[in-house]
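Enquirer: Here it is, the structure, as structure tokens.
Numbering (UniProt numbering), first residue to last: 1 to 292.
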């Protein structure tokens with residue numbers, strides 16, 4: 001059996017720079033792995049893909065990215081044996097933290113090993129891009145500039161284990177709906193991605209906190225004003241930098257270390273949403289063989 005930790009991500013910056021063929025949005029985003037993770041356990045079986053989960057909020061069939069990742073590997077490689085997968089869900093669902101993408105990336109990496117497929121990193125990244133925009137990053141992890149649909153990855157200088165406070169309001173957001181609203185509203189406040197890259201290169205944490213930005217934030221907040229309520233609460237609690245992650249609704253506060261993140265989290269009203277604190281992580285996936 002294999003146990004895999006699939007880590008969440010946050011977007012330090014998220015910008016849309018145009019449209020790609022097929023109507024996809026052209027992204028420019030700096031993504032960062034965080035220690036918050038789901039746990040997946042993979043066990044071989046003679047045939048078929050069986051997925052179970054501890055969460056009633058996510059499907060356990062072909063509509064789940066984990067299931068689709070396993071199916072994709074079978075289809076591409078011709079591998080005919082099966083797998084049982086148990087997904088212990090901990091990353092908030094539909095929250096802008098890439099939980100589904102992280103689980104799909106973990107499945108690609110785990111089954112490549114469990115099934116002895118011998119696929120290279122480059123081959124896995126190509127398959128990851130077929131599953132979703134964030135899945136390639138969730139294979140790579142760390143601090144990364146992503147472009148295109150999210151599949152063009154440029155590793156950046158790793159940031160230290162900064163603290164992060166995550167507040168996920170008690171609502172779910174549809175990414176597709178947010179992008180449709182973006183196309184309608186076309187908000188004009190773009191994050192300064194080159195300045196953020198430069199700040200990361202010189203490890204200027206004060207500048208990193210000041211340069212956080214997400215072009216989708218006003219779009220999501222127009223539909224769900226709670227996003228701005230959470231943002232102001234995090235600022236008042238002492239977080240040096242605050243921004244929404246992905247298409248939301250999770251808002252995160254950037255802190256100097258995990259201890260500061262714990263203190264900031266403790267000042268927040270539990271009624272704001274699910275409150276978690278964690279830290280930056282340089283690795284997206286951790287695999288371990290269990291029970292031999």
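Heads up, the beta-carbon is just placed ideally off N, CA and C, and yes, glycines get one too.
Small disclaimer: the values here were computed from a predicted structure and weren't measured.
On the CB-based measure, 16 or more other CB atoms within 10 Å of its CB, does residue 92 come out buried or exposed?
Expert: Buried: at least 16 other Cβ atoms inside 10 Å.
Enquirer: Would you check if the distance between the CB atom of residue 193 and the CB atom of residue 33 is smaller than 9 Å?
Expert: Against a cut-off of 9 Å, the Cβ pair of residue 33 and residue 193 comes out as no contact.
Enquirer: Tell me the rounded alpha-carbon separation between residue 151 and residue 41.
Expert: Their backbone Cα atoms lie some 26 Å apart in a straight line.
Enquirer: Which residues in the same chain have their Cβ closer than 6 Å to the Cβ of residue 163, if we skip the five residues on either side of it in sequence?
Expert: 255, 257, 258, 260, 261, 279, listed in sequence order.
Enquirer: At what residue ranges does the UniProt domain "GHMP kinase N-terminal" (64-142) contain a whole run of the beta strand (DSSP E), taking only runs of 3 or more?
Expert: Those beta strand (DSSP E) runs which fall completely within the UniProt domain "GHMP kinase N-terminal" (64-142) and span 3+ residues are 82-88.
Enquirer: Identify, in the order they occur along the chain, each residue of the same chain with its Cβ nearer than 7 Å to the Cβ of residue 58, setting aside the five sequence neighbours on each side.
Expert: 64, 89, 93, listed in sequence order.
Enquirer: In chain order, what residues of the same chain lie with their CB nearer than 7 Å to the CB of residue 276, ignoring the 5 residues before and after it?
Expert: Around residue 276: 36, 166.
Enquirer: For the beta strand (DSSP E) that contains residue 35, what are its first and last residues?
Expert: Its beta strand (DSSP E) spans residues 25-45.
Enquirer: Name the residue from 221, 219, 198, 220 whose alpha carbon lies nearest to the alpha carbon of residue 210.
Expert: Residue 210 has its Cα closest to that of 198, out of 221, 219, 198, 220.
Enquirer: Just checking: is the beta-carbon of residue 80 within a distance shorter than 9 Å of some beta-carbon in chain D?
Expert: Looking for chain D here will not work: only one protein chain is present.
Enquirer: Let me make sure I understand the geometry here. Which of 128, 28, 138, 265 has the alpha-carbon closest to that of residue 76?
Expert: It is 128.
Enquirer: So for residue 3, helix, strand or coil by DSSP?
Expert: Note: residue 3 maps to strand in three-state DSSP.
Enquirer: Which term fits residue 208, buried or exposed, when burial requires 16 or more other beta carbons within 10 angstroms of its beta carbon?
Expert: Under this definition residue 208 is a buried residue.
Enquirer: Taking DSSP as the reference, what is the three-state secondary structure of residue 184?
Expert: Here residue 184 sits in helix by DSSP.
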